[in-house]
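Chemist:
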DNA sequence: GTCTATACTTCGATAGAC
DNA sequence: GTCTATCGAAGTATAGAC
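Protein chains in written order, with the working numbering: chain A, 43 to 256; chain B, 43 to 256.
(1) Less than 8 Å between C-beta atoms, sequence neighbours within five positions excluded: which residues of the same chain meet that for residue 198 (chain B)?
(2) DSSP state of residue 183 (chain B), grouped into three classes?
(3) Chain B partners of residue 150 (chain A), CB-CB under 9 Å?
(4) In or out: residue 185 (chain A) buried (at least 16 other Cβ within 10 Å) or exposed?
(5) Which of helix, strand or coil does DSSP assign to residue 73 (chain B)?
(6) Is residue 59 (chain B) buried or exposed, if buried means 16 or more other CB atoms sit within 10 Å of its CB?
(7) Hey, does residue 222 (chain A) have any beta-carbon neighbour from chain B nearer than 7 Å?
(8) For the region 71 to 85 of chain B, enumerate the residues whose C-beta is nearer than 7 Å to any C-beta of chain A, in chain order.
(9) When you check each C-beta in the region 157 to 184 of chain A against every C-beta of chain B, which residues fall closer than 7 Å?
(10) Are the CB atoms of residue 136 (chain A) and residue 119 (chain A) nearer to each other than 7 Å?
(11) Could you check where the alpha helix (DSSP H) with residue 144 (chain B) kicks off and where it finishes?
(12) Helix, strand or coil, according to DSSP, for residue 90 (chain B) in the structure here?
(13) Please tell me whether residue 76 (chain A) and residue 76 (chain B) are closer than 7 Å, where the distance is taken between their beta carbons.
(14) I'd like to check one pair, residue 87 (chain B) with residue 61 (chain B): are the Cβ atoms closer than 7 Å?
(15) Nearest chain A C-beta to residue 155 (chain B) closer than 7 Å, yes or no?
(16) Rounding to the nearest angstrom, what Cα-Cα distance links residue 109 (chain B) and residue 163 (chain B) in this structure?
(17) Please report how far the alpha carbon of residue 182 (chain B) lies from the alpha carbon of residue 189 (chain B), in whole angstroms.
(18) For the alpha helix (DSSP H) containing residue 193 (chain B), name the first residue and the last one.
(19) Cutting at 6 Å between CB atoms, please list the residues of its own chain near residue 209 (chain B), excluding the five before and the five after it.
(20) Within 10 Å of its beta-carbon, does residue 146 (chain A) have 16 or more other beta-carbons around it, so buried, or fewer, so exposed?
(21) Count the other C-beta atoms from every protein chain shown that fall within 10 angstroms of the C-beta of residue 156 (chain A), then say buried if there are 16 or more, exposed otherwise.
(22) When you check each C-beta in the region 188 to 199 of chain A against every C-beta of chain B, which residues fall closer than 7 Å?
(23) Residue 237 (chain A): which of A:96, A:126 and A:104 sits nearest, CA to CA?
(24) Restricting to Cα atoms, I'd like to know which of A:104, A:57 and A:72 is closest to residue 80 (chain A).
(25) Quick check: the Cα distance between residue 115 (chain A) and residue 151 (chain A), rounded to an integer number of angstroms?
(26) Tell whether a beta-carbon distance below 7 Å holds between residue 128 (chain B) and residue 211 (chain B).
(27) Could you have a look at residue 98 (chain B) and say whether DSSP puts it in helix, strand or coil?
(28) Could you tell me which chain A residues have their CB closer than 8 Å to the CB of residue 101 (chain B), listed as they occur along the chain?
(29) With H, G and I counted as helix, E and B as strand and the rest as coil, what does DSSP make of residue 127 (chain A)?
(30) Just reading off the alpha helix (DSSP H) that residue 224 (chain A) is part of, what are its end residues?
(31) How about residue 196 (chain A) and residue 222 (chain B): do their beta carbons lie closer than 7 Å?
(32) So, is residue 239 (chain B) buried or exposed, given that buried needs 16 or more other C-beta atoms within 10 angstroms?
(33) Does the Cβ-Cβ distance between residue 216 (chain B) and residue 167 (chain A) come in under 7 Å?
(34) To be precise: take each residue of the region 132 to 144 of chain A, compare its Cβ to all Cβ atoms of chain B, and keep it if any distance is under 7 Å. Which residues remain?
(35) Any beta carbon of chain A sitting closer than 7 Å to that of residue 218 (chain B)?
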């Protein structure tokens, strides 16, 4: 549905629009979603306040634009991790990105009360989780085993939960045993992930290292 | 510290004050923390708007009062779980309380940008985690084993993370393998928690069932 | 696409009568 | 403790000239 109710103004791709999305993202990260107001986002972007509502009909539309940009970037990084030489480590690194933690938290809170953002977040989360599952599937297959209990999706849930927990603990200043858990993760990555390039301790050699740089 | 900077007005215990805290909590859960405004919280509580700033110098003070009430209730429930007949199950149930999920999420977002709330949340989280560790310690001791790797605190982190992950997944509509994980949890509770009252499958009998009703 | 100007609403917080 | 009344600031969104 291209023009639902108010075809008053279209909004193509433009320099200003990008600047507004950037400004909004910065505000969310630095001060929380409540800081994203017409005037403040315009000031941060260095444009006239009226332009905000020219490019985005409502503030919620701006939120959606910010979310989509971050979501697409994350999905791309996750896809690269899945296809990379060390899927598990790649997934771990993507999910441990500290910058995303605050942003995710804000959108999670937003989604609780804004239908549009909620459904967008749900769709994104499902795709994100699916990619994680693919990464895990690739590693499991390389080891020549079959997961029964827990199943592959369940194990994915458990593993993908860990970085999020560490991130949330970090957000509230809980650092107890963080180091130990990180060391444990490192140990398991060494043991179960596909072997690093140049690592002689491979127990299976037919993985194709189609790595792409960043 | 009874009168820190602005001794303009004191605020004792009163019916109105409680009503305001209740109203604010309801607003946070239903519509997010941004819905807590002077006028709206007064309307929800059925009192005059000016009373909000009589009882709470700022809106942030009101947020803190709401948080403290919930935090103290949670700590009490967690303490009861620790002392109860089945510590692991008790902890699991306290942490899986669906009502708290939204509230926690809101305060987590708030804490990202409000110093006072951040430090309050940090202190609370540490105490909460400590109680979880005590529960786990009690069960581990009952089994007569010693945890070395992962250590007790690390295992606590891992275990206490699971219900939070499930809650967050639930918040974004991710229900994949939720049932399987829940069943897995149930299985482990049956196996490792202290035996339920009247359960003949005890492998150790010197636990004192000092349960307290709620 | 971008600007000025503005309509309308709601905000936090306070003063002062009762 | 509770009320009426209000200040000044900030919010969303739009109209219309350029």
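Glycine included, every Cβ here is placed at the ideal spot set by N, Cα and C.
Just so you know, these numbers come straight off a predicted model, no measurement behind them.
Modeler: This is what the structure gives:
(1) If you number the second chain from 1, residue 198 (chain B) lands on position 156. If you ignore the 5 residues before and after residue 198 (chain B), its C-beta comes within less than 8 Å of the C-beta of 171, 174, 175 and 178, all in its own chain and listed in chain order.
(2) In the second chain, residue 183 (chain B) corresponds to position 141, counting from 1. Three-state result, residue 183 (chain B): helix.
(3) Counting from one through the first chain, the residue named residue 150 (chain A) turns up at place 108. In chain order: 147, 150, 151, 210, 213 and 214.
(4) As a first step, residue 185 (chain A) must be located in the first chain, where it is residue number 143. It is exposed - the Cβ of residue 185 (chain A) has fewer than 16 other Cβ atoms within 10 Å.
(5) Translated into positions along the second chain, residue 73 (chain B) becomes position 31. Helix.
(6) Translated into positions along the second chain, residue 59 (chain B) becomes position 17. With a threshold of 16 other beta carbon atoms within 10 Å, residue 59 (chain B) meets it and is buried.
(7) Stepping through the first chain from its first residue, residue 222 (chain A) is reached at position 180. Yes, residue 222 (chain A) counts as interfacial toward chain B.
(8) Under the 7 Å Cβ criterion, the region 71 to 85 of chain B contributes 73, 74 and 76.
(9) Listed by position along the chain: 163, 164, 167, 168 and 171.
(10) For this step, residue 136 (chain A) is matched to residue 94 along the first chain. For this step, residue 119 (chain A) is matched to residue 77 along the first chain. Yes. Within cutoff.
(11) Walking along the second chain from the start, residue 144 (chain B) turns up at place 102. Under the DSSP assignment, residue 144 (chain B) falls in the alpha helix (DSSP H) whose first and last residues are 140 to 153.
(12) The residue given as residue 90 (chain B) occupies position 48 in the second chain. Three-state DSSP puts residue 90 (chain B) in coil, outside helix and strand.
(13) Looking up residue 76 (chain A) in the first chain gives position 34. Looking up residue 76 (chain B) in the second chain gives position 34. Yes; because the gap between Cβ atoms is below 7 Å, this pair is in contact.
(14) Within the second chain, residue 61 (chain B) is the residue found at index 19, counting from 1. Within the second chain, residue 87 (chain B) is the residue found at index 45, counting from 1. Cβ atoms of residue 61 (chain B) and residue 87 (chain B): closer than 7 Å.
(15) Taking the second chain and counting its residues from 1, the one referred to as residue 155 (chain B) is at position 113. For residue 155 (chain B), the nearest beta carbon of chain A is closer than 7 Å to its own beta carbon.
(16) Position 67 of the second chain, counting from 1, holds the residue named residue 109 (chain B). Position 121 of the second chain, counting from 1, holds the residue named residue 163 (chain B). Taken atom to atom, the span from the alpha-carbon of residue 109 (chain B) to that of residue 163 (chain B) is near 8 Å.
(17) Numbered from 1 along the second chain, position 140 holds the residue referred to as residue 182 (chain B). Numbered from 1 along the second chain, position 147 holds the residue referred to as residue 189 (chain B). Roughly 8 Å between the two C-alpha positions.
(18) If you number the second chain from 1, residue 193 (chain B) lands on position 151. Unbroken run through residue 193 (chain B): none, as it is neither H nor E.
(19) On the second chain, position 167 is the one that residue 209 (chain B) refers to. Cβ neighbours of residue 209 (chain B) within its own chain (closer than 6 Å, five residues either side excluded): 143.
(20) As a working mapping, residue 146 (chain A) is identified with position 104 in the first chain. With 16 or more Cβ atoms within 10 Å of its Cβ, residue 146 (chain A) is classed as buried.
(21) In the first chain, residue 156 (chain A) corresponds to position 114, counting from 1. Answer is buried; the Cβ neighbour count reaches 16.
(22) Listed by position, the residues of the region 188 to 199 of chain A near chain B (Cβ gap below 7 Å) are 192, 193, 195, 196 and 199.
(23) Counting from 1 along the first chain, the entry for residue 237 (chain A) is found at position 195. Of the candidates A:96, A:126 and A:104, the one whose C-alpha sits nearest the C-alpha of residue 237 (chain A) is A:126.
(24) In the first chain, residue 80 (chain A) corresponds to position 38, counting from 1. Answer by Cα proximity: A:104.
(25) Looking up residue 115 (chain A) in the first chain gives position 73. Looking up residue 151 (chain A) in the first chain gives position 109. Those two C-alpha atoms are separated by around 21 Å.
(26) One-based indexing of the second chain puts residue 128 (chain B) at position 86. One-based indexing of the second chain puts residue 211 (chain B) at position 169. Cβ atoms of residue 128 (chain B) and residue 211 (chain B): not closer than 7 Å.
(27) Residue numbering aside, residue 98 (chain B) sits at position 56 when the second chain is read from its first letter. Coil at residue 98 (chain B), not helix or strand.
(28) Translated into positions along the second chain, residue 101 (chain B) becomes position 59. Counting only Cβ-Cβ distances below 8 Å, residue 101 (chain B) has no contacts in chain A at all, with the closest Cβ about 12 Å away.
(29) As a position in the first chain, residue 127 (chain A) is number 85, starting the count at 1. For residue 127 (chain A), the secondary structure class from DSSP, reduced to helix, strand or coil, is coil.
(30) For this step, residue 224 (chain A) is matched to residue 182 along the first chain. Where residue 224 (chain A) is concerned, the enclosing alpha helix (DSSP H) stretches over 220 to 234.
(31) Translated into the one-based positions of the first chain, residue 196 (chain A) becomes position 154. Translated into the one-based positions of the second chain, residue 222 (chain B) becomes position 180. In this structure, residue 222 (chain B) lies closer than 7 Å to residue 196 (chain A) by Cβ.
(32) Taking the second chain and counting its residues from 1, one reaches residue 239 (chain B) at position 197. Looking at its Cβ environment, which holds fewer than 16 other Cβ atoms inside 10 Å, residue 239 (chain B) is exposed.
(33) In the second chain, the residue the question calls residue 216 (chain B) occupies position 174. In the first chain, the residue the question calls residue 167 (chain A) occupies position 125. Yes; because the gap between Cβ atoms is below 7 Å, this pair is in contact.
(34) Answer in chain order: 144.
(35) For the purposes of this step, residue 218 (chain B) is identified with residue 176 of the second chain, where counting begins at 1. Chain A has a Cβ within less than 7 Å of the Cβ of residue 218 (chain B).
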